[in-house]
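Asker: Once you've had a glance at the structure underneath, I'll fire off some questions.
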Amino acid sequence: MSVRRALALVVGVLLTVGLTACTNGRADRDEPTASPTATGTSRPAPSARPKVPPVTVRDVTGQVRLRAAATRVVALDWPYAENLVAVGVQPVGVADRAGYASWVGADPAARLSSKTADVGPRGQPDATKIRALRPDLIVVDRTRAQRWVSGLRKIAPVLVFDPYRADMSAWEEMRTTFTELARAVGRSDLAAATLIRLDATIAAGRRDLAEAGKADMPFALAEGYSDRGVPTLRMFARSSLASEVLERLGLHNDWKGDPDQYGFTTVGVPALNSVAMADFLYLSDARDNIFTGQVADGSTWKGLEFVRTGRVHRLGSGAWLFGGPLSAERCVREVVKALT
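All letters in the sequence shown, in the order written, are residues -21 to -1, 1 to 319 by mature numbering (1 follows the signal peptide of the UniProt record, and there is no 0).
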């Protein structure tokens, strides 16, 4: 190889290396790699999960903070199970599931899923069964389950409600509890829509009753049953939720007996003489209907003005007077149907 050719080859190699170095240096300076700081946005790593916001709910004990909206809820009383179903959440467990099905679940809108487990009686729920369901929330009635709350809190957060609060009416308590429980499961929008529908149903029912000449009609509302073979009546006082619903329909509760904390006065048939001029509405288990059975042929019953004039109305099996908005809506439909 000649010297001239060798020099040319060396020069060519040096030029190639120099150009490459210059190009790489320019890329480092002019084309920085993308980063959260450079782009102004932050992107989570592919494996990162979005943060779920905590939820704060108010019950009778104060504020309860949940790490996230609950999805696996155990309801230890029927109104709370019904409220969950009303906003599209099936509880994973319910106390006395069979009783719920008979009384509350008579309305298709309130029926439980076949997957909902029974966790024992309402008065004595089974903690082992509850724990096995891995709930992220347990809901209780203070009047039934207060003594178990501390133990239940070892399983999951607990919401404690009281349908017989002294600081608000039964109507206010029903709506407040429904709203708070819906917030706990992330369904506040559905709860608001449900309450709007209830108010519209009541307004329509009030118009229907007025058109039927029933505005300001006096009524007496009772639940009848046998207590050790003795015909017994629970008269709904004005402080009860059922009475508040009927009064919002434009009716007037004629019962003036002193109620217990639950809004009832427990009496016998002779006490009905004090409301004989009212229309008598009642609900009763079909298997123990004292008004068509035990008392039907008695002189006291037959002598009552509302019996003689045909103003006795049985509310259908779908009427459950102790729940939430779904129960109140059913009550309205049954009362309007009975009186028009």
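Using N, Cα and C, we set each Cβ at its ideal position, and we do this for glycine too.
(1) State the DSSP-derived secondary structure class of V71, mapped to helix, strand or coil.
(2) Would the region 171 to 181 count as touching the region 299 to 315 if we require 3 or more Cβ pairs under 8 Å?
(3) According to DSSP, is A199 helix, strand or coil?
(4) Alpha carbon to alpha carbon, how far is A307 from T122? Give it in angstroms, no decimals.
(5) Just mark E159 as buried or exposed, buried being the case when its beta carbon has 16 or more other beta carbons within 10 Å.
(6) Is it true that the CB of V73 sits closer than 8 Å to the CB of L91?
(7) Consult DSSP for D267 and reduce its assignment to one of helix, strand or coil.
(8) Which residue from D237, V137 and E152 puts its Cα closest to that of R144?
(9) Where do the ends of the alpha helix (DSSP H) carrying A194 lie?
(10) Measure from the alpha carbon of V64 to the alpha carbon of each residue in Y79, M214, G41 and A88, then state which is nearest.
(11) Please look up how many angstroms separate the CB atoms of A255 and L283, rounded, as I've assumed it's under 8 Å.
(12) Hey, quick one: how far does the alpha helix (DSSP H) through A317 stretch, first residue to last?
(13) Taking all protein chains shown into account, do 16 or more other C-beta atoms lie within 10 angstroms of the C-beta of A(-1), making it buried, or fewer, making it exposed?
(14) Which residue's Cα is closest to the Cα of P100: D38, F285 and Y79?
Answerer: On the basis of the data shown:
(1) In the sequence shown, the residue the question calls residue 71 occupies position 92. Note: V71 maps to coil in three-state DSSP.
(2) yes
(3) Position 220 of the sequence shown, counting from 1, holds the residue named residue 199. Correct three-state label for A199: strand.
(4) Residue 122 sits at position 143 when you count from the first residue of the sequence shown. Residue 307 sits at position 328 when you count from the first residue of the sequence shown. In a straight line, the C-alpha of T122 is about 21 Å away from that of A307.
(5) Numbered from 1 along the sequence shown, position 180 holds the residue referred to as residue 159. Buried is the call here.
(6) Reading the sequence shown from its first residue, position 112 is the one you call residue 91. Reading the sequence shown from its first residue, position 94 is the one you call residue 73. Contact flag set, yes.
(7) Taking the first residue of the sequence shown as position 1, residue 267 is located at position 288. D267 falls in the helix class under three-state DSSP.
(8) Numbered from 1 along the sequence shown, position 165 holds the residue referred to as residue 144. Of D237, V137 and E152, the residue nearest in Cα terms is E152.
(9) Taking the sequence shown and counting its residues from 1, one reaches residue 194 at position 215. That residue, A194, is in no alpha helix (DSSP H); it is neither H nor E in DSSP.
(10) Counted from its first residue, the sequence shown places residue 64 at position 85. The residue with the shortest Cα to Cα distance from V64 is A88.
(11) Here residue 255 refers to the residue found at position 276 when the sequence shown is read from its first residue. Here residue 283 refers to the residue found at position 304 when the sequence shown is read from its first residue. Right, their Cβ atoms sit about 5 Å apart.
(12) Walking along the sequence shown from the start, residue 317 turns up at place 338. P304 to L318 is the extent of the alpha helix (DSSP H) around A317.
(13) Numbered from its first residue, the sequence shown carries residue -1 at position 21. Unreliable placement is indicated for A(-1), whose pLDDT of 40 sits below 50; no coordinate value is reported for it.
(14) One-based indexing of the sequence shown puts residue 100 at position 121. Ranking the options by Cα distance to P100, first place goes to Y79.
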